[in-house]
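Worksheet: one structure, shown below.
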Amino acid sequence: MQEIQQVSKDFFALSPEEKEVNKIKPGTSVGYGRLFETGKTVANWVDRITIWSYGEQSRAEPCMPPKPERFRQVVDEYSEAVVKLCMRLIETLSTTLGLEPHILGEHINVKTVGLRTSFNYYPPCPQPELVLGIMPHADTSFVTVLQQDETPGLEIEKDGQWILVPPVKDAFVVNIGDLLQIVSNGKYRSVMHRVLVNNTVGRYSFPNFFMPPKETVIQPVKELLSETNPPLYRSLKFAEYISGFYVKPLTGRRLIDSFLLTPSES
Ligand SMILES: O=C(O)CCC(=O)C(=O)O
Ligand SMILES: [Fe+2]
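Next comes the structure, spelled out in structure tokens:
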């Protein structure tokens with residue numbers, strides 16, 4: 003965990019030209035650059051690089067920055083360990099849904115699921131009350147394993163209130179993403195969250211998004227459905243969901259609601 007922090011600090015200390023070697027290309031979501039740049043003035047006060055760190059996508063869309071030199075090696079070891087943790091989480095989540103431990107993993111074809119990792123640096127901001135580090139959103143993952151440093155900033159929404167998630171040394175935060183909400187037929191709800199910034203210290207965070215290949219069909223697990231518990235979400239390709247996510251800035255609205263079979267009033 004310390005090493006990831008160290009290579010990230012080395013990366014963000016590079017010159018803008020060196021960081022931009024890996025600039026996000028139009029139509030993709032990986033590389034270095036501003037978050038959700040849409041031409042509109044939505045301020046996300048963050049310097050960020052996103053890469054496929056594990057799985058099929060990391061080979062299909064290579065995006066490791068060439069510098070710092072140790073980056074790739076550290077990320078390879080880290081992502082392998084995080085994927086193992088995600089696999090265990092999926093088994094546990096299967097059990098807590100009342101299913102055999104292997105059912106959820108089989109349903110989502112867990113062996114093909116990969117990892118996308120973002121490296122966020124939120125610099126100190128002279129007027130932190132005017133911006134957010136990242137606007138309110140839910141993640142596009144099954145689960146997100148998040149490493150944050152010792153500086154607070156992450157808040158989750160619960161019952162209409164924003165609640166700070168205090169950093170705990172050597173611990174990850176696990177967030178439920180939209181895809182788990184769909185496959186669990188709404189039994190698990192993805193968590194809305196946002197990031198605050200401050201005017202004194204920079205903050206680093208590393209969310210690891212456990213995400214499937216683009217062609218994967220996402221739909222509720224059939225073992226959870228019955229006449230009295232009909233599917234809430236239609237089946238969709240992950241590519242369809244992800245294209246919806248990146249075309250608009252983070253508005254705080256739940257994208258996932260657009261896949262409800264019976265649209266909600268909200
Ligand atoms: O910085 C954080 O703690 C969270 C970052 C986040 O939510 C994201 O990158 O999706
Ligand atoms: Fe997030």
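The sequence shown lines up with residues 3 to 268 when you count with our numbering.
Note that the Cβ used here is the ideal one computed from N, Cα and C, for glycine as well.
Using 8 Å as the limit for Cβ to Cβ distance, is residue i near chain C?
i	result
C127	No chain C appears in this structure, which consists of one protein chain only.
Measure the Cβ-Cβ separation of residue i and residue j and say whether it is below 8 Å.
i	j	result
E300	G116	Outside the shown range of the chain (3 to 268) lies residue 300, about which nothing can therefore be said.
G135	N210	no
Y243	T142	yes
S192	Q149	no
D49	F14	yes
D151	P130	no
P215	I110	no
T230	P126	no
Roughly how many angstroms lie between the CA atoms of residue i and residue j, to the nearest whole one?
i	j	result
I269	L257	Any question about residue 269 goes unanswered here, given that the chain covers just 3 to 268.
F261	P68	39 Å
Y124	P232	43 Å
V76	P222	36 Å
G9	L227	For clarity, residue 9 is Val in the given sequence; the question names Gly instead. Rounded to whole angstroms, V9 to L227 spans 45 Å at the Cα level.
T114	R90	15 Å
Q7	G204	13 Å
E82	D259	32 Å
I220	V112	12 Å
H104	E217	22 Å
T43	T30	Residue confidence for T43 is low, a pLDDT of 44 falling below 50, so the modelled location carries little weight; the figure read from the coordinates is stated next. Cα-Cα distance, rounded: 21 Å.
V84	T119	10 Å
G188	Q4	36 Å
S186	D172	29 Å
E102	S245	33 Å
Since I believe residue j is in contact with residue i (beta carbons under 8 Å), could you give me their beta-carbon distance rounded to a whole number of angstroms?
i	j	result
G179	V145	6 Å
L182	Y190	5 Å
G33	C65	6 Å
E159	L166	That belief does not hold up - the Cβ atoms of E159 and L166 are roughly 12 Å apart, past 8 Å.
S96	L87	With a Cβ gap of about 15 Å, S96 and L87 do not count as contacting.
L263	L234	6 Å
From the options, pick the residue whose C-alpha is nearest to that of residue i; which is it?
i	options	result
K1	I53, A241 and V170	Summary: the structure shown does not reach residue 1, with the chain confined to residues 3 through 268, and so no result is reported for it.
N200	H109, L132, L101 and D172	L132
P138	G188, K25 and Q163	Q163
P154	M3, R196, E108 and Y235	R196
F212	L16, N177 and F121	N177
E71	R61, F240, L16 and V175	L16
- prompt: Can you list, in chain order, every residue whose CB sits closer than 6 Å to a heavy atom of ligand 2?
  reply: The answer, residue by residue, is H139, D141, H195 and P209.
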